[in-house]
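K.L.:
Below is a structure I'd like to ask you about.
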Amino acid sequence: MEKADRASGLFWLVFSLFVTYKSYKLGLGILHQPGPGFLFFWTGIVTAILSLIIIVMSLRNRPPEETAGSDFGSWKVAKIVPVLISLFVYVLFMEWLGFLIVTLLLFIFLLGVIEKKRWWFAVLVSLLITTLTYMVFEVALQSQLPKGLLEFLRF
Amino acid sequence: MAEVLQNVGYGFQVALQPLNLMYCFIGVLIGTLVGVLPGLGPAAAIALLLPTTFKVNPVSATIMLAGIYYGAMYGGSTTSILVNIPGEAASVVTCLDGYQMAQKGRAGPALGIAAFGSFIAGTFAVIALTCVGPFLSNLALKFGPPEYFSLMIVGITVLTYLSSGSMVKALLMAGVGLILSGVGMDTISGQYRFTFNIQSLLNGVGVVPVAMGLFGISEVLLNLETEIKREILTTRVRNLFPTLKDWAVSIWSIIRGSILGFFLGILPGGGAVIASFASYAIEKKVSKHPEEFGKGAIQGVAGPEAANNAGAGGSFIPLLTLGIPANPVMAILLGALMIHGLQPGPLLMKDAPDLFWGTIVSMYIGNGMLLVLNLPLIPMWVKVLKVPYYLLYPLILLFCLIGAYSLSNSVADVIAMLIFGILGFLMKRFRYEGAPLILALVLGQKLETNLRRSLIMARGDFSIFISRPISLGFLITAALLLLIPIITQRRKLSSLRER
């Protein structure tokens, strides 16, 4: 946990200093007419101090109860990374391909590739879920989901 | 008193309209489902269903969203008792004795007392809400910018104080939330802040995509890492009605839990989660047989379940009367009301009495619906639990994607949600809590405006915050929470939670 705390503390320290600098540039104003950067300048300073406390504590304390499973070593990203990439790809093509196509492809990918289910099962379930969610959100709740390539079908 | 009765009567007129009854039913049904399903809490559920209410009138929408919240409190207990996995945070403590009861073949009475206790507590909270609400609204009308500023500081401090992990990290997260609330146009000077010429940041960071990311997407990512193992009780659940003996030992736990839960719920930063832990601690302390706790004591189920429902009811008070959300769920509800063009606060009762009284009374009706819904449908909820996670998580992800897109039909919100999903996952891994961030993000703009208005009023003199008694009271509370070395108490609480 110490390593993780040091890294996260450092991240928030840099973030806080950046916010403090940007807020200063925005203008602090004067006390009886505070400017747009006033609150965030001081918030940045406070968060910078808190980040420093986290870093210092990570250097000094080694609480035994906080060691389990939280260091970088225990991360299992084999599933998370491809799922996240598929979600970003989904967003990227959502408006161009349309809800029906991207959702179908996303589900086939998640069930067939990530979860390694049989292909016929993945395709069948994906078709079913895509149709059902479309009926609920687009037809019943009129969510105006993107139609994309299937715009011409007008359903 | 006559006025209160008149208002409640009006509330019944609103809540009993067929459309509102239907939305109330949908809300509690979805809420129970969300409560039953691990990996999807009420905050994420409300956030992702919010866009579906845009075409509905604000009263029906609020009734449904409120139903999801208190419905989840009911549903959460089912998974705690049958599977030893809390459906949501407020049911964590129910696992301790509920699951033990189930293992001893007493799953029925455990589920029964949880449902009845929840009903009694929920009803108590609604009645108390009806009585306290108008009083607090009138009091809040006397609040000026310094009082509002100090109250919000208390709210954020209480939430950070009650957070289960490091208080330094919780405070840091509140600071980050505050900074995020500054993104977009400054309402006083008209200047753009922290937008970096990105078009989608001009309107600020939306609460709903952030909440969906922090509570929905991140939870799925975390569960992908650690496969959820579920051992569902295979024996049939029988005798849902607790025996007279069960009632005799539980009734005082339910009463204590209701009162405690309600008052902890009112407290900004408090709410159902802390209420359930506090109730368990008290029940163990007052019991003649504390050694039975953790081994299937029915009081250990009845008290916390009553407390978390009363807490859920109580947490509506600061939102509806002061416009201050007590917890992340209320923060999202505040965002929802604002999207519907309503400004929660002391004037809500006068400006939108149908919404105020309609919502309160609908909670009363909803509690009745939940009782009917929960007991006979328990076998169905158990079946829902058997939905494999490989099917469940793509569905949660899809609902989040649809929900975020429907906010303003733009992919920018979806991207924001995914980014905060990754951030939320990292925060969980690094043991930072999302709740203070959300609360500060929602309160940030109001907090800044009230701070600046106060300073303008006092010509830059900070003593305005301590020269006004109500504001001073709030600030002293916040200072006490931050300064007094109560670490021992917090440690006790943390250790209890860990257990």
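Just so you know, the protein sequences line up as chains C and U, in that order.
Note that our numbering has the first sequence beginning at 227, numbered continuously upward.
Note that our numbering has the second sequence beginning at 41, numbered continuously upward.
Backbone N, C-alpha and C fix where the C-beta goes; we use that ideal spot for every residue, glycine too.
Counting only Cβ-Cβ distances shorter than 7 angstroms, please list the residues of the region 499 to 522 of chain U near chain C, keeping chain order.
P.N.:
Those residues of the region 499 to 522 of chain U that come within reach of chain C (Cβ to Cβ, closer than 7 angstroms) are R499 and G500.
K.L.:
Let's test the definition: count the other Cβ atoms within 10 Å of the Cβ of T102/U and tell me whether it reaches 16, buried, or not, exposed.
P.N.:
Here residue 102/U refers to the residue found at position 62 of the second sequence. Per the 10 Å Cβ criterion, buried.
K.L.:
Can you tell me which residues form a DSSP beta bridge with P260/C?
P.N.:
Residue 260/C sits at position 34 when you count from the first residue of the first sequence. DSSP output for P260/C lists G255/C as bridge partner(s).
K.L.:
Could you work out which residue in P249/U, I510/U and I516/U is closest to V454/U when comparing CA atoms only?
P.N.:
Position 414 of the second sequence, counting from 1, holds the residue named residue 454/U. Of the listed residues, the one whose Cα sits closest to V454/U is P249/U.
K.L.:
Am I right that A155/U and N414/U are in contact with their C-beta atoms under 8 angstroms? What's the rounded C-beta distance?
P.N.:
Looking up residue 155/U in the second sequence gives position 115. Looking up residue 414/U in the second sequence gives position 374. With a Cβ gap of about 5 angstroms, A155/U and N414/U count as contacting.
K.L.:
Can you find a C-beta in chain C that's less than 8 angstroms from the C-beta of E187/U?
P.N.:
Within the second sequence, the letter at position 147 stands for residue 187/U. Not an interface residue.
K.L.:
Output yes if chain C places a C-beta closer than 8 angstroms to the C-beta of Q485/U; else output no.
P.N.:
Residue 485/U sits at position 445 when you count from the first residue of the second sequence. It does not; no Cβ of chain C falls within 8 angstroms.
K.L.:
Contact between the region 247 to 265 of chain U and the region 446 to 462 of chain U is defined here as three or more beta-carbon pairs at a separation below 8 angstroms; is this criterion met?
P.N.:
Yes, the region 247 to 265 of chain U is in contact with the region 446 to 462 of chain U.
K.L.:
Use the C-beta contact count for G230/U: other C-beta atoms within 10 angstroms, 16 or more gives buried, fewer gives exposed.
P.N.:
Translated into the one-based positions of the second sequence, residue 230/U becomes position 190. Classification of G230/U: exposed, given that the 10 Å Cβ count is below 16.
K.L.:
Taking only three categories from DSSP, how would you classify Y472/U?
P.N.:
Reading the second sequence from its first residue, position 432 is the one you call residue 472/U. Three-state DSSP puts Y472/U in coil, outside helix and strand.
K.L.:
Does DSSP put G224/U in a helix, a strand or coil?
P.N.:
Along the second sequence, read from residue 1 onward, the residue named residue 224/U stands at position 184. Of the three classes helix, strand and coil, the one that applies to G224/U here is strand, per DSSP.
K.L.:
Classify V351/C: buried if its beta carbon has 16 or more other beta carbons within 10 angstroms, exposed otherwise.
P.N.:
To locate residue 351/C, count along the first sequence from 1; it is residue 125. With 16 or more other Cβ atoms within 10 Å, it is buried.
K.L.:
What is the DSSP secondary structure of R492/U, counted as helix, strand or coil?
P.N.:
On the second sequence, position 452 is the one that residue 492/U refers to. Helix.
K.L.:
Does the separation of the CB atoms of S298/U and A342/U fall below 8 angstroms?
P.N.:
Sequence index remark: in the second sequence, residue 298/U carries index 258 (1-based). Sequence index remark: in the second sequence, residue 342/U carries index 302 (1-based). Taking 8 angstroms as the Cβ cut-off, S298/U and A342/U do not qualify as a contacting pair.
K.L.:
Would G474/U be called buried (16 or more neighbouring beta carbons within 10 Å of its own) or exposed?
P.N.:
The residue you call residue 474/U lines up with position 434 of the second sequence. So G474/U ends up on the buried side.
K.L.:
Counting pairs of Cβ atoms below 8 angstroms between the region 135 to 142 of chain U and the region 112 to 122 of chain U, do you hit three or more?
P.N.:
Enough Cβ pairs lie closer than 8 angstroms, so yes.
K.L.:
Please classify R286/C: does DSSP put it in a helix, a strand, or coil?
P.N.:
Counting from 1 along the first sequence, the entry for residue 286/C is found at position 60. Helix, per DSSP.
K.L.:
Can you give me the C-alpha to C-alpha distance between P386/U and L377/U, rounded to a whole angstrom?
P.N.:
Within the second sequence, numbered from 1, the residue matching residue 386/U stands at position 346. Within the second sequence, numbered from 1, the residue matching residue 377/U stands at position 337. When rounded, the distance between both Cα atoms is 14 angstroms.
K.L.:
Per DSSP, Y232/U is paired with what?
P.N.:
Reading the second sequence from its first residue, position 192 is the one you call residue 232/U. In the DSSP output, where bridge partners are listed per residue, Y232/U has M225/U.
K.L.:
Distance cutoff 8 angstroms, beta carbons only. Does L59/U sit that close to anything in chain C?
P.N.:
For the purposes of this step, residue 59/U is taken as residue 19 along the second sequence, with counting starting at 1. So no, L59/U is outside the interface.
K.L.:
Run down chain U in chain order and give the residues with a C-beta less than 7 angstroms from the C-beta of L336/C.
P.N.:
Here residue 336/C is taken as the residue at index 110 of the first sequence, counted from 1. Chain U residues near L336/C: P434.
K.L.:
Looking at the C-beta of V339/C, does it have a partner C-beta in chain U at a distance below 8 angstroms?
P.N.:
As a first step, residue 339/C must be located in the first sequence, where it is residue number 113. So no, V339/C is outside the interface.
K.L.:
Sort L362/U, P434/U, A452/U and L395/U by Cα distance to P185/U and report the nearest one.
P.N.:
As a working mapping, residue 185/U is identified with position 145 in the second sequence. P185/U has its Cα closest to that of L362/U, out of L362/U, P434/U, A452/U and L395/U.
K.L.:
From I334/C to V482/U, what distance separates their C-alpha atoms?
P.N.:
Mapped onto the first sequence, residue 334/C falls at position 108. Mapped onto the second sequence, residue 482/U falls at position 442. When rounded, the distance between both Cα atoms is 37 angstroms.
K.L.:
May I ask you to report which of helix, strand or coil DSSP gives S177/U?
P.N.:
Locating residue 177/U in the second sequence gives position 137, counting from the first residue. S177/U falls in the helix class under three-state DSSP.
K.L.:
Between the Cα of L374/U and those of Y320/U, A83/U and N237/U, spot the shortest distance and give me the residue it belongs to.
P.N.:
For the purposes of this step, residue 374/U is taken as the residue at position 334 of the second sequence. When only C-alpha atoms are compared, the closest one is A83/U.
K.L.:
Residues of chain U with CB under 8 angstroms from W238/C, in chain order?
P.N.:
As a working mapping, residue 238/C is identified with position 12 in the first sequence. Near W238/C (Cβ distances below 8 angstroms), the residues of chain U are L212 and V216.
K.L.:
The alpha helix (DSSP H) spanning F514/U covers which residue range?
P.N.:
The residue given as residue 514/U occupies position 474 in the second sequence. Run containing F514/U: P509 to L523, per the alpha helix (DSSP H) assignment.
K.L.:
Below 6 angstroms CB to CB, which residues in the same chain sit around N407/U once its five sequence neighbours on both sides are set aside?
P.N.:
Translated into positions along the second sequence, residue 407/U becomes position 367. Cβ neighbours of N407/U beyond the five flanking positions: F159, G162 and T163.
K.L.:
With a CB to CB cut of under 6 angstroms and the five nearest residues on each side skipped, what residues in its chain are close to M62/U?
P.N.:
Start at 1 with the first residue of the second sequence, and residue 62/U comes out as number 22. Excluding positions up to five away in sequence, the list is empty.
K.L.:
To the nearest angstrom, how far is the alpha carbon of I196/U from that of A480/U?
P.N.:
If you number the second sequence from 1, residue 196/U lands on position 156. If you number the second sequence from 1, residue 480/U lands on position 440. Spanning the two alpha carbons is a distance of roughly 7 angstroms.
K.L.:
Does any CB atom of chain C fall closer than 8 angstroms to the CB of I294/U?
P.N.:
Counting from one through the second sequence, the residue named residue 294/U turns up at place 254. No, its Cβ sits nowhere closer than 8 angstroms to a Cβ of chain C.
K.L.:
Consult DSSP for S369/C and reduce its assignment to one of helix, strand or coil.
P.N.:
The residue given as residue 369/C occupies position 143 in the first sequence. In this structure, S369/C counts as coil in the three-state DSSP scheme.
K.L.:
Strictly under 8 angstroms for the Cβ-Cβ distance: is R146/U near chain C by that measure?
P.N.:
Start at 1 with the first residue of the second sequence, and residue 146/U comes out as number 106. Chain C, which has no Cβ nearer than 8 angstroms to the Cβ of R146/U, makes this no.
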